[in-house]
Each structure stands twice: as C-alpha cells, then as structure tokens.
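Report on one structure; see the data block that follows.
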Amino acid sequence: MSKKNISDKFGFVFSTDPNFNFNKEEDEIQDTLTPEKQVLRIKLDTRIKGGKTATIVDGFKGKEEDLEDLAKKLKNHCGTGGSVKEGIAIIQGDNREKIVAWLLKNGYKNTKKAGG
C-alpha cells in the first residue's frame with residue numbers, strides 16, 4: 002500500500018513561499034449572500050440543452066444547496082423542469098419574464114435580463 006502525498010490532492014509539487022500550506026483557503030467556502038445583495042443575470046441559451054431553449058440564472062453567490070433551493074422554487078413557479086450545473090440554474094424554456102418577476106417580488110432587487 003502506498004500512501005499518497007497531500008500535494009497530489011491539490012496538484013502542487015513545490016512552493017518557495019514559507020507561509021504556504023496545502024489547506025484550502027477559508028474564503029472559498031462562502032456564505033450565501035442575502036437576496037438584496039445578489040446580482041443575478043437572466044439569459045436565454047440554446048447551447049446547454051442540446052439546442053432546446055433554456056433560461057439561465059447566473060451570478061448567484063453562495064452555497065450550492067441554496068442555489069438548488071432557489072432553482073427548485075423557480076421551477077415550481079414556472080411549472081417546468083431544470084437543473085443546477087457549475088454555479089448556474091438552468092430552467093427549461095423561455096421563462097425570462099416569469100423568473101425576473103418572481104425574483105424581484107422575492108427580494109432579489111439586483112436582477113436583470115441580460116443578452117437581449
């Protein structure tokens with residue numbers, strides 16, 4: 002049995018910085034911003050779902066679980082499916098107007114449609 006180095010875990014081999022450590026930075030684990038402080042952009046995209054139209058909610062700052070909860074509420078409001086991938090919420094169909102209205106009503110004041 003060979004034991005892996007901690008350097009293998011992060012891909013680092015060597016550092017000349019005497020204060021360097023292999024632990025993740027604490028600010029990478031960020032708390033979810035309140036709805037008033039979120040800056041969300043709502044876009045329409047056809048590349049993500051294999052040519053099908055999807056509404057993208059981008060710019061969410063916070064934990065993945067909170068983004069999944071927001072996406073679930075948006076999907077329920079729009080009556081459609083969707084998912085969360087790589088920090089963005091993907092809602093099926095062109096639901097930009099519904100999503101912007103719902104977000105503004107629920108305290109997300111810095112929400113705008115982007116890209117058209």
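Each residue of the sequence shown is one higher than the one before, counting from 2 in the numbering used here. Ideal placement from N, C-alpha and C gives every residue a C-beta, glycine not left out. Predicted model, so just to flag it, every value in this text is computed and none were measured.
Query raised in the report: At which residues does the beta strand (DSSP E) containing L41 begin and terminate?
Result: V40 to K50
**Report entry** Counted within 10 angstroms of its Cβ, other Cβ atoms place A102 as buried (16 or more) or exposed
**Finding:** So A102 ends up on the exposed side.
Query raised in the report: Under the three-state reduction of DSSP, which class applies to A90: helix, strand or coil?
Result: strand
Query raised in the report: With burial defined as no fewer than 16 other Cβ atoms inside 10 Å of the residue's Cβ, what is the status of F21: buried or exposed?
Result: exposed
Report task. Could you say which of I57, P36 and G80 lies nearest to A115 if we only look at CA atoms? Result -> Out of I57, P36 and G80, I57 has the C-alpha closest to the C-alpha of A115.
Query - Assigned secondary structure, A55 (DSSP; H/G/I helix, E/B strand, else coil) - result: strand
Report task. For the alpha helix (DSSP H) holding K106, just list the boundary residues, first then last. Result -> If you look at K106, you'll find it in the alpha helix (DSSP H) that goes R97 to K106.
Query raised in the report: Do G108 and P36 have their C-beta atoms closer together than 8 Å?
Result: yes
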